[in-house]
Structures are given as structure tokens and as C-alpha cells.
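Participant: Counting with numbering that gives the first Met the number 0, you get residues 0 to 705 for the letters of the sequence shown.
Beta carbons: idealized from backbone N, C-alpha and C, even for Gly.
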Amino acid sequence: MAQPAERLWDPKPANGPADQPRYVIAARKILETCRGEGPANCVARCPLHVDGRAYVQLAKEGRFREALQKVREELPFPGVLGYVCDHPCELHCKRVDDDEPVRIRDVKRFLAEWEPGEPEHLLDMAPERGKSVAVVGAGPGGLLAAHDLRRKGYKVTVFERDDQIGGCLVNRIPEWRLPQRVVERDLSVIEALGITVRTGVEIGRSLSLDELREGHDAVLLLVGYAGARRLADLGKGLRRRASGVLVADPVTCETGIAGVFAAGDAVSGPATVITALALGRRVAESAHRFLAGEDLRSGRQAPIPPKLLWGLEVSEEERRSRTRQPVMLPPANEPMTEEEVLGEGERCLDCECGLCVQDCEFLEASCESPKDLARMVLHDFESPETLKMMYSCNICALCDTVCPEDLDTGAMLLDARREAVRRGLGPLPVHKPIVSYFNAGISKAFTLIKSEPGRQRSKRLFFTGCALPAVAPANTRVVYEELRRHYPGTGVLMYCCGAPVELLGMDEEFEKASEEILRQAEAVGAEELITACPDCSHTLKSSVPELKVRTAWELLAGVWQPPRLREGAEVAVHDSCKVRGQLDVCSSVRTLLDAGGAAVEEIEYNGEKARCCGFGGMIYPVDPELSQKVTRRRGEESELPMVTYCAGCRMALKGTGKESIHILDFLLDPDWESKSREKPPGGLARYLNRLRTKWDFKRMKPLEKR
Numbered sequence: 000m001a002q003p004a005e006r007l008w009d010p011k012p013a014n015g016p017a018d019q020p021r022y023v024i025a026a027r028k029i030l031e032t033c034r035g036e037g038p039a040n041c042v043a044r045c046p047l048h049v050d051g052r053a054y055v056q057l058a059k060e061g062r063f064r065e066a067l068q069k070v071r072e073e074l075p076f077p078g079v080l081g082y083v084c085d086h087p088c089e090l091h092c093k094r095v096d097d098d099e100p101v102r103i104r105d106v107k108r109f110l111a112e113w114e115p116g117e118p119e120h121l122l123d124m125a126p127e128r129g130k131s132v133a134v135v136g137a138g139p140g141g142l143l144a145a146h147d148l149r150r151k152g153y154k155v156t157v158f159e160r161d162d163q164i165g166g167c168l169v170n171r172i173p174e175w176r177l178p179q180r181v182v183e184r185d186l187s188v189i190e191a192l193g194i195t196v197r198t199g200v201e202i203g204r205s206l207s208l209d210e211l212r213e214g215h216d217a218v219l220l221l222v223g224y225a226g227a228r229r230l231a232d233l234g235k236g237l238r239r240r241a242s243g244v245l246v247a248d249p250v251t252c253e254t255g256i257a258g259v260f261a262a263g264d265a266v267s268g269p270a271t272v273i274t275a276l277a278l279g280r281r282v283a284e285s286a287h288r289f290l291a292g293e294d295l296r297s298g299r300q301a302p303i304p305p306k307l308l309w310g311l312e313v314s315e316e317e318r319r320s321r322t323r324q325p326v327m328l329p330p331a332n333e334p335m336t337e338e339e340v341l342g343e344g345e346r347c348l349d350c351e352c353g354l355c356v357q358d359c360e361f362l363e364a365s366c367e368s369p370k371d372l373a374r375m376v377l378h379d380f381e382s383p384e385t386l387k388m389m390y391s392c393n394i395c396a397l398c399d400t401v402c403p404e405d406l407d408t409g410a411m412l413l414d415a416r417r418e419a420v421r422r423g424l425g426p427l428p429v430h431k432p433i434v435s436y437f438n439a440g441i442s443k444a445f446t447l448i449k450s451e452p453g454r455q456r457s458k459r460l461f462f463t464g465c466a467l468p469a470v471a472p473a474n475t476r477v478v479y480e481e482l483r484r485h486y487p488g489t490g491v492l493m494y495c496c497g498a499p500v501e502l503l504g505m506d507e508e509f510e511k512a513s514e515e516i517l518r519q520a521e522a523v524g525a526e527e528l529i530t531a532c533p534d535c536s537h538t539l540k541s542s543v544p545e546l547k548v549r550t551a552w553e554l555l556a557g558v559w560q561p562p563r564l565r566e567g568a569e570v571a572v573h574d575s576c577k578v579r580g581q582l583d584v585c586s587s588v589r590t591l592l593d594a595g596g597a598a599v600e601e602i603e604y605n606g607e608k609a610r611c612c613g614f615g616g617m618i619y620p621v622d623p624e625l626s627q628k629v630t631r632r633r634g635e636e637s638e639l640p641m642v643t644y645c646a647g648c649r650m651a652l653k654g655t656g657k658e659s660i661h662i663l664d665f666l667l668d669p670d671w672e673s674k675s676r677e678k679p680p681g682g683l684a685r686y687l688n689r690l691r692t693k694w695d696f697k698r699m700k701p702l703e704k705r
């Protein structure tokens, strides 16, 4: 006998921190890790979180006005940033590793240059709040802070030492790098919002910091690096580091003086324009919370997330080089052409996750992202809606396969089903026929353990499962005959693998079934189970790891020569979701089809991405419409008849009218095309077929005596 192995499943709820049930741990991991509600890399890496993906997509469609307004939702200075932004968005574009990033900044510049007439600034504002804010410094950060606070309903006055606003935009960056017409056009939003600007005012000479505090409800210091050195001695509690910058809380921008906030180059030292703008927005948010009596720290996030969401490969079909732009040479300041903008829009991959939702009918119907389902099981577990939802998943693990974070929503829902059973809420009443079917499958009437005729013990057992004997007793016998012909010492075990109750969350019943399978195998000295059902194979590999588990298709490929009846026949193959990743099984099936003379059309969702037939997870009684929708989607992947090597999958496909056939019927039936259009046997007939199969096995003789 094989040495006992550690079981790969635990029927009891796993404990985690604070003895949390396994479904809770899984749900919280999804909430923490799932990218379904997160931004694309370009959005995440923009300090202002401007939705570059969205405006590039709008530009691709020629909707330039809408695209520009999308920029202005987060950035009122699109022209300025179109010229001088250091575009961290492009450095982390999904294309950057295998291709070249989309010219996101240049598209923004095109939109700003394209706009005809007067700029259409976004000027909608909250109702007046009756409070005033002083912003010291009219550089990029100060102006954005003033803009944000004014739109929130505050009266804002900007104080600037120089005789014009703009800071480095007008007195540090040369005309050839940033045209003043662009600066003037963007900064006109300040006047349009009704923000008061006082130029030629130097705090400490023309006006003291104390006077500012007396005349305003909050004071924001965004005076730049040079200004910080002058301001540090102006107020008690306003401290300066050795480098000359002011000391302020990195999250809230608070200084040592109540109601006085500082940010930008005055705190960080010299920085880029986009960074200054982001810090201006941060300090404005702090001032708003201070004036509204809100917590200054709650929910605050770093401007740049520590972890990017996107790191997916770019396929060869998606590769397209970006249009080269000359640097610092005429005509370096020429904007993109409309044709170039449309081309860059085509290169944009429109990054969003939703990969699991795109590939799963259940998720598509149930949520925007798996986070929605995680919240349901955490906060509304016992509601009828949640219970129906958790029993509507096929548990096929395709979500795990396509997820860049390897999150398995189905595994969470299976754990939730176990918890439902523990609480007495599951299985649902509609599952009664499935439980009855399982009970029949482990009853004496339908079970059989038998060594190969003529032997007392058998090294391996053909594990028939429930489905194949129920729909094709003759073919079940054919498989066994070939197995014992080529692999002497093969016996038979007719029993249910336990998948139905495992998928319903009935772990006690599942554990008993698994223990009985192991006991019966050991009784005849078996070390290996040979299955003809992908579901049985998948289940037994984890439930009885003490035994080796292989499929009949693997053993028969290369040794069994079926009659070559299928010359010229062209079919598609449906790989069961339960053999996903088991390429040896998939390859063996195709070897047998080739031996029969058939030509196989490969469909997209096979092998590593095999889709469920619709019957998985025992969802049919709970949501038959969803089950059939899953099945139809699978059947529509090919117009050809579909060959299955799971009897249950064939029943599902045929149930929606798809021309389909089990591999044994395809290889052996003289009129396979008529067979592919036959309906599967009904419930009573399936029970009778299982009895007939058992009787056939009991009557078998040793091979040499036939």
C-alpha cells in the first residue's frame, strides 16, 4: 500500500486571527487585495489621480470636448501639465515593460490646445459656508489649493509676493518650455471662480502671520522653498528644519500653530509641478476638514499607492510602437495631430480589472467585483439573497485562473456554504433531490467493490462514479474491459465520490464518503483509482490523497486503438473545468480522438482556461436560468458538435440544445451524429442504468475464461 499522505482538505472551518472562520479570512483577503475597484496604473501613479485611461479613450472616439472636461474634473490646468508634467503615469503604463507607454501627457496637451474660444472651466461650487481661507503663495500648489477650497464653498484670498500669480510657471520655466499664453489661459480659472488675489504682498512685511490668522479661519502656507526660509521666524510654533523647509505633518499638513497648514516646496523642498499640485490638494483637504470639524486623518491615503495594480503581459497582437516625439529640438513644441491622438487612443489598453467578471456569467450577474460578494457574506450572511448568491457559483475556479492576484471567489463561497450548513441554513430546500441522489450513490443498492474477476486483490480500481453508469452502462463496461485488458489486476469500485455534498458544504457527509472509499480500496489492496469522470478525479485527489488518482483517458491513450470510424469528422472538444491545468488529461483525450480519425477544433476556453458546463457547483436547482446561460455560452464557443469526456457535461450541453456527445459514444457508436442529437436518459432511467451496470460487473468472468 502507498504510504498515508496528509489530507489536502479540512472539513472543519479553518481558524485564523481571533478564531475567524475560513470564509471570513477569504472575504477579507478579497476586500484587501481584489483590484476590481482599483484604478489603472496610470491613474494610481498620477499624484492627482487624473483618469488618463478615461480621457485617452474619449479622445480615441473623437470626443475631445468630453475628454478635456474629464481632465478638468481633477486638474484645472490641463495646458500647463500638457507641457511640463513629468508624466509618472506613462512610466507605469501597462505597455512599458513589453512595448512603449501611451503618450498620455501629449494627449492632454492636444486637448488643451484643441479647445476653441474661451476655456470651459468647471465652475460649479458648493453653497457658501461663511468661512474664509488665506492662501499664501500663488505658485501651482497654492493656486490649486485655492481652486479646490473655493469650489467647496469657502471664501478664498491668495497672497502673492510677486506682481503676478503663477510662481515657477511664470518666473522659472522658460517660454520655449511653457508658453505664457498657455499659463494665462489655464490660470484664468482663478478669476472665473471669484477668488481674491492680492499681489505684491510679502508676509512679514506688508502683512504679519498673526494678522492673517485674525482675518481668516484658516491659513495655508505654500510659499515655495525660498519663501519657507523667510517665514520660519514669523510665528511661534512655526518650525524649520536644518535644510530650511518648514516642519509640517506629512499626512495632515498641520504646523505647530492651530489653523495654520503648510505644504508644497515649503515643506518638501524643490519638487516637480505635478507634485506641488498634489500637495496643494492635500493641504486644501486638511483645511476643509479642519473647518468642517472632521477628523484630519481618517481615510487619508498616500498620493501614490505603494503597490501598483497592473503588471500584465502585453500580447504580440497588442504591440504597437508609440509615435516618436523629438525632444528640445524644433518643432519640439508642436502638439500632436488629431491622427496621432486617435492612434495613441488605439494603443491604450483601457486598463481595468474585471477579468473574472468578464469570464464568469455568475459574477457578471451578481456583482461589479468580487468585493461586493465578500461584503455580502461578511455583513448579511443569513439573508435569503446572500444564501442564494453563495449557492449560485459553479465553484469552477476560473476566477482564480484569470485573477492577477490569484483570488478564488468560488473558494470563499464554498467556505460560506460550509458555514451555512453549520448554522442550519444550508443546503437549501431545492437541493433535496441532489442529496437524495448522493444517498443513493452510497447505498448498498448502487455500490460495488470487486477485485478483477479471478483475483482476490486488485492493485487499482476503476472508479465508475455516478454519471457514466447512469447514462451509458455499455460504455462503462467498455472502459473497464479495456483497462483490465491492458492493465491486469484492475478491479471495480462503484461509489459516489462525494462531490455533490462537498459542493453543498456538507462536510460531515463528504468526510464519511471519503473514508468509506479509502476503506473499500484498502480492503482489496488497491493503491490507485482510475476515473472516467473529471469531477471524480478532481475530488478524489484531495479527499483520498493516500491513493493515486488517474483518469482512464491517460491510461488508455497510446494502448487502446478504438475503431477508426471517424475519418473526416470534425468536432470541438469541451475540456471540463475540473481538469483545468491537467494538460496530460487533455492531451490524452485528443490522442484518443486522433486514433479514431477525428479532426479537433480547439476553442479558446480550454485547457488552462476551461469553462464550466453550467452544472458545476450544484447551481441548477437554485438558479436554472443562470445555469443554462453558462451552458449556452460554453456551447456557443463553437458551431461544431462538441465532444465531452464527462457524462454530466454532455447532459448539460444537450439540455440547451447543443449538439454534443460523450467521447465513448463518438468513438464507438456507428451513427454518432444521430447519437449527438439524442436527449440523455431521464431520472428513473438513470437509476435503472446504474443497477444494470452493477449487475453487469457482478457477472463478469476472468478474461481467460471468456
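Can you give the beta carbon distance from residue 565 to residue 613, rounded, assuming they're within the 8 Å contact cut?
Facilitator: In fact, because the Cβ distance is near 26 Å, the residues do not count as touching under 8 Å.
Participant: How many whole angstroms separate the CB atoms of residue 251 and residue 296, which I take to be in contact at a CB cut-off of 8 Å?
Facilitator: The pair is a contact, with the Cβ atoms about 6 Å apart (cut-off 8 Å).
Participant: Among 271, 487, 417, 491, which one has its Cα closest to the Cα of residue 509?
Facilitator: The option with the nearest alpha carbon to residue 509 is 417.
Participant: My output table needs one value for residue 109: the three-state DSSP class, helix, strand or coil.
Facilitator: Helix.
Participant: What's the call for residue 702, buried or exposed, on a 16-neighbour Cβ count within 10 Å?
Facilitator: The residue in question, residue 702, is exposed, as its Cβ has fewer than 16 Cβ neighbours within 10 Å.
Participant: Under three-state DSSP, which class holds residue 699?
Facilitator: Coil.
Participant: Can you name, in chain order, every residue of its own chain whose Cβ lies under 6 Å from the Cβ of residue 283, other than the five neighbours on each side?
Facilitator: Hits under 6 Å: 144, 147, 148.
Participant: Less than 8 Å between the beta carbons of residue 420 and residue 620, yes or no?
Facilitator: No. Outside cutoff.
Participant: With residue 590 as the anchor, note down where its alpha helix (DSSP H) starts and where it stops.
Facilitator: Note, residue 590: alpha helix (DSSP H), 582-594.
Participant: Can you grab the Cα-Cα spacing for the pair residue 126 / residue 153, in whole Å?
Facilitator: The alpha-carbon atoms of residue 126 and residue 153 are separated by roughly 9 Å.
Participant: Contact check, residue 500 vs residue 445 under 8 Å by CB: the rounded distance?
Facilitator: Actually they are not in contact, since the Cβ atoms of residue 500 and residue 445 sit about 15 Å apart, beyond 8 Å.
Participant: Determine the extent of the beta strand (DSSP E) in which residue 641 is found, giving its start and end residues.
Facilitator: Segment 641-643, the beta strand (DSSP E) holding residue 641.
Participant: Report the three-state DSSP secondary structure of residue 665 (helix, strand or coil).
Facilitator: Three-state result, residue 665: helix.
Participant: Let's test the definition: count the other Cβ atoms within 10 Å of the Cβ of residue 574 and tell me whether it reaches 16, buried, or not, exposed.
Facilitator: Classification for residue 574: buried.
Participant: Rounded C-beta distance between residue 591 and residue 606? I'm assuming under 8 Å.
Facilitator: About 16 Å; that fails the 8 Å criterion.
Participant: Starting from the C-beta of residue 67, find all residues in its chain whose C-beta is less than 8 Å away, skip the five residues before and the five after it, and write them out in chain order.
Facilitator: Excluding residues within five positions, the ones whose Cβ falls inside 8 Å are 54, 77, 110, 111, 113, 114, 119.
Participant: Do you know how far the Cα of residue 79 is from the Cα of residue 175?
Facilitator: Their Cα atoms are separated by approximately 13 Å.
Participant: Would DSSP call residue 693 helix, strand or coil?
Facilitator: Of the three classes helix, strand and coil, the one that applies to residue 693 here is helix, per DSSP.
Participant: Roughly how many whole angstroms lie between the Cα atoms of residue 711 and residue 464?
Facilitator: The requested residue 711 is not part of the displayed model; the chain covers only 0 to 705.
Participant: Should residue 329 be labelled buried (16 or more other beta-carbon atoms within 10 Å of its own) or exposed?
Facilitator: Because residue 329 sits at a pLDDT of 44, beneath the cut-off of 50, its placement in the model cannot be relied upon, and the following sentence gives the value as read from the coordinates. Per the 10 Å Cβ criterion, exposed.
Participant: Enumerate in chain order the residues of its own chain whose CB-to-CB distance from residue 184 is below 7 Å, with the five nearest sequence positions on each side excluded.
Facilitator: Closer than 7 Å at the Cβ level, and outside the excluded window around residue 184, lie 78, 118.
Participant: Decide if the region 259-273 is in contact with the region 192-205; the criterion is three or more beta carbon pairs, one per stretch, under 8 Å apart.
Facilitator: Touching, no, given that fewer than three Cβ pairs across the two stretches are closer than 8 Å.
Participant: Should residue 694 be labelled buried (16 or more other beta-carbon atoms within 10 Å of its own) or exposed?
Facilitator: Residue 694 should be labelled exposed.
Participant: Return the CA-CA distance between residue 166 and residue 105, expressed in angstroms with no decimal places.
Facilitator: Computed Cα separation, rounded: 23 Å.
Participant: Below 7 Å CB to CB, which residues in the same chain sit around residue 22 once its five sequence neighbours on both sides are set aside?
Facilitator: Cβ within range, chain order: 376, 411, 414, 415, 418.
Participant: Using C-beta distances below 6 Å, list every residue in its chain close to residue 627, excluding the 5 sequence neighbours before and after it, in chain order.
Facilitator: Excluding residues within five positions, the ones whose Cβ falls inside 6 Å are 655.
Participant: Considering only C-alpha positions, which residue in the set 659, 560, 435 is nearest to residue 570?
Facilitator: Measuring from the Cα of residue 570, the nearest candidate turns out to be 659.
Participant: Would you report the Cα separation of residue 339 and residue 101, rounded to the nearest angstrom?
Facilitator: One C-alpha to the other measures close to 11 Å.
Participant: With a cut-off of 8 Å, does the C-beta of residue 635 fall near any C-beta of chain D?
Facilitator: Judged by its chain identifiers, the structure shown contains no chain D, having just a single protein chain.
Participant: Using the C-alpha atoms, what's the distance from residue 497 back to residue 440?
Facilitator: Cα to Cα, the separation comes out at about 9 Å.
Participant: Is the beta carbon of residue 388 less than 8 Å from the beta carbon of residue 406?
Facilitator: No, these two residues do not count as a Cβ contact at 8 Å.
Participant: According to DSSP, simplified to helix, strand and coil, what is residue 490?
Facilitator: The answer is strand: DSSP assigns residue 490 an E or B state.
Participant: Where are the alpha helix (DSSP H) runs, 4 residues long or more, that stay fully inside the region 87-166, in chain order?
Facilitator: Segments of the alpha helix (DSSP H) lying fully in the region 87-166: 87-90, 103-113, 139-150.
Participant: Between which two residues does the alpha helix (DSSP H) carrying residue 361 extend?
Facilitator: Taken as a continuous stretch (DSSP letters only), the alpha helix (DSSP H) holding residue 361 covers 360-365.
Participant: Just to confirm the assignment, what range does the alpha helix (DSSP H) spanning residue 630 have?
Facilitator: First-last of the alpha helix (DSSP H) with residue 630: 623-634.
Participant: Going residue by residue through the region 485-529, where are the continuous beta strand (DSSP E) segments of at least 3 residues, counting only ones entirely within it?
Facilitator: Counting whole runs of 3 or more residues, the region 485-529 contains the beta strand (DSSP E) stretches 489-493.
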